[in-house]
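First residue of the sequence shown: 692, per my numbering; consecutive thereafter.
Think of the CB as a built atom: it goes at the ideal place given N, C-alpha and C, for glycine as much as any other residue.
Worksheet: one structure, shown below.
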Amino acid sequence: MDENYINPVFKKNLLLTYNLLSGEVRRMRNGYADTLITMERRLGEKNTEIKTLIEEQQNLSDKLDEASKEIGNNDCLVKEMDRIKHEKLIEHSENAAENRRRCEKLGILMKHVNDVVLVEKKTDDKTKKKRKSSNKPSSSKI
């Protein structure tokens with residue numbers, strides 16, 4: 692037998708084994724490539740989801756900042772309103788005290804007016820009596 696001689700059965704088995712292994716390698720390589728393609732596609736989808744979530748988060752952060760500014764402005768307005776309300780209450784209490792004093796003075800004046808009216812009535816009564824007495828003929832004139 693020659694050194695280069697290969698038994699046909701062994702040669703057939705060797706070729707079958709080689710074809711089988713090369714097919715497995717090809718399938719594995721193609722499967723790995725398919726897996727890579729699907730993983731890259733899924734990764735791309737996840738990246739777009741992440742980008743949209745980041746944009747939404749940025750929008751929400753902007754809205755939160757605006758709301759915080761509005762709350763700060765509202766707090767300033769509430770403080771200003773409280774300050775004005777306090778000033779108005781003080782002003783109203785001062786006005787009420789002044790009005791009470793005016794009412795007291797008016798009451799005192801009304802008492803004096805009533806007294807004056809009574810005095811006038813008394814003087815009117817006296818003048819009426821004098822007039823009546825002057826209308827009567829006096830005995831000295833006759």
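In three-state terms, what does DSSP make of residue 681? Past the boundaries of the shown model lies residue 681; the chain is included only from 692 to 833, so the question cannot be answered.
Roughly how many whole angstroms lie between the Cα atoms of residue 733 and residue 748? 22 Å
Just the Cα atoms here: how many angstroms apart are residue 701 and residue 695? 13 Å
Please report the straight-line C-alpha distance between residue 724 and residue 730, rounded to a whole angstrom. 10 Å
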